[in-house]
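Colleague: The number in the numbering used here is simply the position in the sequence shown, starting from 1, with 21 added.
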Amino acid sequence: MADSFDAIVIGGGPGGYNAAIRLGQLGLKAACVDKRGSFGGTCLNIGCIPSKALLHASERFHEAETDFAKLGIKASVQLDLPAMMAQKEKVVGELTKCVEFLFRKNKVEGIVGEAKLIAPGQIAVRGKDGSSRTLTAKHVIIATGSDVSPLPGVTIDEDQIVSSTGALSLKSVPKRMLVVGAGVIGLELGSVWKRLGSEVTVIEFLDRITPGMDLEISKAFQRVLTKQGMSFQLSTKVTGVEKKKTGLSVTVEPAQGGQKSVIETDVMMVCIGRRPCTDNLGLETVGVTLDKRGRVVTDAHYRTNVAGIYAIGDCREGAMLAHKAEDEAVACAELIAGKAGHVNYDAIPSVVYTFPEVATVGKTEEDLKAAGVQYKVGKFPFTANARAKTIMATEGFVKILADAKTDRVLGCHILGAEAGNLMAEVVLAIEFGASSEDIARTCHSHPTLTEAVRQAAMAVEGWTMQM
Ligand code: FAD
Ligand code: NAI
């Protein structure tokens with residue numbers, strides 16, 4: 022196989038594999054190098070996919086335990102954790118194989134090995150067996166993603182003290198789980214183990230959960246999770262962990278310092294954010310600039326300061342989301358191929374896949390207040406939605422924010438069942454520059470949860486008809 026390519030992508034996650042596929046579609050000779058051994062990156066191997074498999078399975082388990090009886094279904098339910106884990110692994114295996122299929126289909130060479138830039142356009146790849154290969158290309162895309170941020174003074178052993186990776190593969194249900202960080206991972210994986218039987222306590226440094234989320238939604242979300250039995254200690258930090266025969270003794274204290282206390286637990290999950298993977302890549306050798314947080318600095322066209330080197334996905338600025346990485350991949354590949362690739366960062370949704378889900382897109386009320394933008398709010402609760410009643414999912418509400426003068430949709434925040442799917446129409450509305458009235462006057466099927474989005478849009482102008 023020739024070692025010279027039009028473009029080489031380092032990293033085979035949603036950023037990397039989508040960039041390579043799009044480059045292949047556009048007729049460029051592309052390669053994608055990943056050191057993991059299976060393509061798909063964090064997302065397919067240890068992130069989005071295994072976590073969603075466990076969220077789905079644990080939600081069904083919980084539903085069978087608690088809701089079936091209300092629906093007139095008598096069932097006796099038992100957990101088979103090894104089978105649940107095997108199903109998760111099966112899905113991961115199938116999807117990572119799909120990436121290999123898509124590489125073949127689009128004539129992309131998938132290469133397993135650790136890549137290092139030795140000069141602009143020149144990459145050394147070291148295989149797990151010690152083999153080495155030098156590749157050259159006019160264009161190199163860095164898509165090396167991110168890894169777990171460590172908690173100072175705490176060593177993750179992926180057994181008792183776990184990151185998300187260990188929390189996705191626990192061998193038994195811990196009686197007690199302490200989650201450090203009330204962000205997306207903490208609440209999703211905390212929900213999984215809560216549903217399977219753990220007592221879950223969440224420690225959060227800030228005075229609120231899910232920082233950055235619209236505050237009204239975030240507060241309602243915390244109330245819902247608390248009702249489900251998750252307990253929260255906000256404005257609190259972990260200052261030490263001691264391993265004992267009986268479990269872990271975790272010392273915590275107020276975030277600003279003060280009286281220490283000890284929490285006994287069986288498993289502690291550290292999920293306080295992720296950091297970019299930009300070490301040992303040879304970036305300093307070729308002179309690529311990183312920012313203070315170690316992220317690759319690029320311009321709006323994903324170009325670094327070194328000609329021919331680009332960066333996309335978690336290793337550059339912005340939300341650490343698979344679909345953000347994918348959109349940057351498409352745009353970057355198209356720009357390399359001489360087309361007009363572009364990403365609209367105002368229209369990137371974000372979803373927390375708990376029950377109920379939380380989905381957000383665009384500006385929060387806090388963003389708009391800070392920017393001095395005049396806005397109108399329309400809200401609609403799921404208690405007033407017919408379909409939500411039939412499926413016993415009446416918790417939460419839809420909130421739409423629109424410009425006070427132009428009525429253009431600026432943001433939407435949904436707490437409720439299927440929030441992630443419901444958000445798709447609002448993302449499209451934002452992409453098209455639609456007004457809230459456009460959504461309000463669009464016919465929505467009855468009875469569906471989507472009607473709650475329409476009613477919230479009607480509420481922007483004060484004519485919601487179902488409450
Ligand atoms: P990654 O997916 O991290 O891929 C980078 C790849 O580069 C890795 O496979 C790595 O092995 C490889 N690599 C690194 N250095 C080298 C090197 N020197 N040589 C060769 N290969 C290298 N996002 C969502 O949008 N939705 C979700 O539901 C969601 N759930 C998540 C759940 C969890 C538990 C976690 C941890 C993350 C989740 N994310 C989710 C975030 C999502 O996984 C990331 O945003 C996404 O994977 C980023 O894609 P990427 O291509 O930039 O990087
Ligand atoms: P996060 O940034 O979502 O949340 C981390 C939380 O930890 C924050 O609330 C932060 O204030 C808190 N924190 C930070 N330091 C702390 C400390 N010392 N003690 C206590 N709390 C502390 O990060 P998380 O949950 O680790 O997820 C990482 C990334 O993965 C996220 O950026 C997210 O975008 C992505 N992800 C996305 C998912 C999705 O889209 N559904 C699911 C899972 C992860």
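Idealized CB from N, CA, C, for every residue including glycine.
To the nearest angstrom, how far is it from the Cα of Val113 to the Cα of Met486?
Modeller: Mapped onto the sequence shown, residue 113 falls at position 92. Mapped onto the sequence shown, residue 486 falls at position 465. The straight-line gap from Cα to Cα measures roughly 44 Å.
Colleague: In the DSSP assignment, find the unbroken beta strand (DSSP E) run with Ile132 in it and report its ends.
Modeller: As a first step, residue 132 must be located in the sequence shown, where it is residue number 111. Following the DSSP letters along the chain, one finds Ile132 inside the beta strand (DSSP E) bounded by residues Glu130 to Val133.
Colleague: When you compare the segment 289 to 296 with the segment 197 to 205, are there three or more beta-carbon pairs, one atom per stretch, that lie closer than 8 Å?
Modeller: yes
Colleague: Would you kindly check if the distance between the Cβ of Val317 and the Cβ of Cys336 is under 8 Å?
Modeller: Working through the sequence shown from its first residue, we reach residue 336 at position 315. Working through the sequence shown from its first residue, we reach residue 317 at position 296. In this structure, Val317 lies closer than 8 Å to Cys336 by Cβ.
Colleague: Between the segment 138 to 156 and the segment 325 to 339, do at least 3 Cβ pairs fall closer than 8 Å?
Modeller: Yes, the segment 138 to 156 is in contact with the segment 325 to 339.
Colleague: What would DSSP say about Gly308, mapped onto helix, strand or coil?
Modeller: Mapped onto the sequence shown, residue 308 falls at position 287. It is coil, neither helix nor strand.
Colleague: Tell me Val274's beta-bridge partners as DSSP assigns them.
Modeller: Looking up residue 274 in the sequence shown gives position 253. It should be noted that the sequence gives Glu, not Val, for residue 274. Answer by DSSP bridge pairing, in chain order: Lys258.
Colleague: Count the other CB atoms, across all protein chains shown, that sit within 10 Å of the CB of Lys345; report buried if there are 16 or more and exposed otherwise.
Modeller: Within the sequence shown, numbered from 1, the residue matching residue 345 stands at position 324. Residue environment analysis places Lys345 among the buried positions, since at least 16 neighbouring C-beta atoms fall within 10 angstroms of its C-beta.
Colleague: From Ala23 to Ala354, what does the alpha carbon distance come to, in whole angstroms?
Modeller: Counting from one through the sequence shown, the residue named residue 23 turns up at place 2. Counting from one through the sequence shown, the residue named residue 354 turns up at place 333. Unreliable positioning characterises Ala23 in this predicted model, as indicated by a pLDDT of 45, which lies under 50. The coordinate reading is nonetheless provided below. Near 21 Å, if we compare the C-alpha coordinates of Ala354 and Ala23.
Colleague: In terms of DSSP beta bridges, what is Glu378 paired with?
Modeller: Position 357 of the sequence shown, counted from the start, is the residue given in the question as residue 378. In the DSSP output, where bridge partners are listed per residue, Glu378 has Gly437.
Colleague: Start and end of the alpha helix (DSSP H) containing Gly36?
Modeller: In the sequence shown, the residue the question calls residue 36 occupies position 15. Its alpha helix (DSSP H) spans residues Pro35 to Gln46.
Colleague: Please identify the residue among Leu100, Thr247, Ile206 and Ser252 whose C-alpha is closest to the C-alpha of Pro232.
Modeller: As a first step, residue 232 is located in the sequence shown; it is residue number 211 there, counting from the start. Relative to the Cα of Pro232, the nearest Cα in the group Leu100, Thr247, Ile206 and Ser252 belongs to Ile206.
Colleague: Figure out for me which residue from Asn365, Ala74, Val194 and Arg314 has the closest Cα to the Cα of His322.
Modeller: Counted from its first residue, the sequence shown places residue 322 at position 301. The shortest Cα separation from His322 among Asn365, Ala74, Val194 and Arg314 belongs to Asn365.
Colleague: Who pairs with His160 in a beta bridge, going by DSSP?
Modeller: Taking the first residue of the sequence shown as 1, we reach residue 160 at position 139. Answer by DSSP bridge pairing, in chain order: Ala28.
Colleague: Exposed or buried, Asn301, counting other C-beta atoms within 10 Å across all chains shown (16 or more means buried)?
Modeller: For the purposes of this step, residue 301 is identified with residue 280 of the sequence shown, where counting begins at 1. Using a 10 angstroms sphere on the CB of Asn301, the tally of other CB atoms stays under 16, which defines it as exposed.
Colleague: By a C-beta neighbour count over all protein chains shown, 10 Å radius and 16 as the cutoff for buried, is Phe122 buried or exposed?
Modeller: The sequence position of residue 122 within the sequence shown is 101, counting from 1. Exposed, by the Cβ-count rule.
Colleague: Classify Ile238 as helix, strand or coil using the three-state DSSP reduction.
Modeller: As a position in the sequence shown, residue 238 is number 217, starting the count at 1. Per DSSP, reduced to three states, the secondary structure at Ile238 is helical.
Colleague: How would you call Pro171, buried or exposed, if buried means at least 16 neighbouring beta carbons within 10 angstroms?
Modeller: As a working note, residue 171 is residue 150 in the sequence shown. Label assigned to Pro171: exposed.
Colleague: For Val419 versus Leu208, is the C-beta distance shorter than 8 Å?
Modeller: Translated into the one-based positions of the sequence shown, residue 419 becomes position 398. Translated into the one-based positions of the sequence shown, residue 208 becomes position 187. No, the pair does not count as a contact, with Cβ atoms beyond the cut-off.
Colleague: Quick one: what does DSSP say Met198 is sitting in, helix, strand or coil?
Modeller: Numbered from 1 along the sequence shown, position 177 holds the residue referred to as residue 198. Taken through DSSP and simplified to helix, strand or coil, Met198 comes out as strand.
Colleague: For Gln280, count neighbouring Cβ atoms within 10 angstroms of its own Cβ and tell me buried if that reaches 16, exposed if not.
Modeller: Indexing the sequence shown from 1 puts residue 280 at position 259. It is exposed - the Cβ of Gln280 has fewer than 16 other Cβ atoms within 10 Å.
Colleague: Using only CA atoms, which one of Gly32, Leu47, Lys95 and Asp312 lies nearest to Asp55?
Modeller: Position 34 of the sequence shown, counted from the first residue, corresponds to residue 55. That would be Gly32, whose Cα lies nearest to the Cα of Asp55.
Colleague: Give me the Cα-Cα distance between His83 and Thr267, rounded to the nearest whole angstrom.
Modeller: Position 62 of the sequence shown, counted from the first residue, corresponds to residue 83. Position 246 of the sequence shown, counted from the first residue, corresponds to residue 267. His83 and Thr267: Cα-Cα distance of roughly 28 Å.
Colleague: Could you check if Val379 belongs to the surroundings of the ligand FAD, using beta carbon to heavy atom distance under 7 Å?
Modeller: Position 358 of the sequence shown, counting from 1, holds the residue named residue 379. False, no ligand heavy atom lies under 7 Å from that Cβ.
Colleague: How big is the Cα-Cα spacing for Ala477 and Ser212?
Modeller: As a first step, residue 477 is located in the sequence shown; it is residue number 456 there, counting from the start. As a first step, residue 212 is located in the sequence shown; it is residue number 191 there, counting from the start. Taking the straight line from one Cα to the other gives about 28 Å.
Colleague: Kindly indicate which three-state DSSP category Glu179 falls into: helix, strand or coil?
Modeller: Sequence index remark: in the sequence shown, residue 179 carries index 158 (1-based). Note: Glu179 maps to coil in three-state DSSP.
Colleague: Between Cys464 and the ligand GDP, is the CB less than 7 Å from at least one heavy atom?
Modeller: In the structure shown, the ligand GDP is absent; the only ligands present are the ligand FAD and the ligand NAI.
Colleague: Please report the straight-line C-alpha distance between Gln108 and Pro71, rounded to a whole angstrom.
Modeller: Locating residue 108 in the sequence shown gives position 87, counting from the first residue. Locating residue 71 in the sequence shown gives position 50, counting from the first residue. Going from the Cα of Gln108 to the Cα of Pro71 covers about 9 Å.
Colleague: Is it buried or exposed for Trp214, if we count other Cβ within 10 angstroms and need 16 for buried?
Modeller: As a working note, residue 214 is residue 193 in the sequence shown. Buried is the call here.
Colleague: Could you check what DSSP says for Thr231 in three-state terms: helix, strand or coil?
Modeller: Here residue 231 corresponds to residue number 210 of the sequence shown, with the count starting at 1. Residue state for Thr231 is assigned as coil, using DSSP reduced to three classes.
Colleague: Measure the alpha-carbon distance for Ala392 versus His363 and round it to whole angstroms.
Modeller: Taking the sequence shown and counting its residues from 1, one reaches residue 392 at position 371. Taking the sequence shown and counting its residues from 1, one reaches residue 363 at position 342. Distance between the alpha carbons of Ala392 and His363 is about 24 Å.
Colleague: Would DSSP call Gln395 helix, strand or coil?
Modeller: For the purposes of this step, residue 395 is taken as the residue at position 374 of the sequence shown. The answer is coil: DSSP assigns Gln395 none of H, G, I, E or B.
Colleague: Tell me which same chain residues have a C-beta within less than 6 Å of the C-beta of Gly37, skipping the five on either side of it?
Modeller: The count along the sequence shown starts at 1 and reaches residue 37 at position 16. The answer, listed in chain order, is Val30, Cys53 and Ala164.
Colleague: Just to check, is the beta-carbon of Leu123 closer than 7 Å to a non-hydrogen atom of the ligand FAD?
Modeller: For the purposes of this step, residue 123 is identified with residue 102 of the sequence shown, where counting begins at 1. Every heavy atom of the ligand FAD is 7 Å or more from the Cβ of Leu123, so no.
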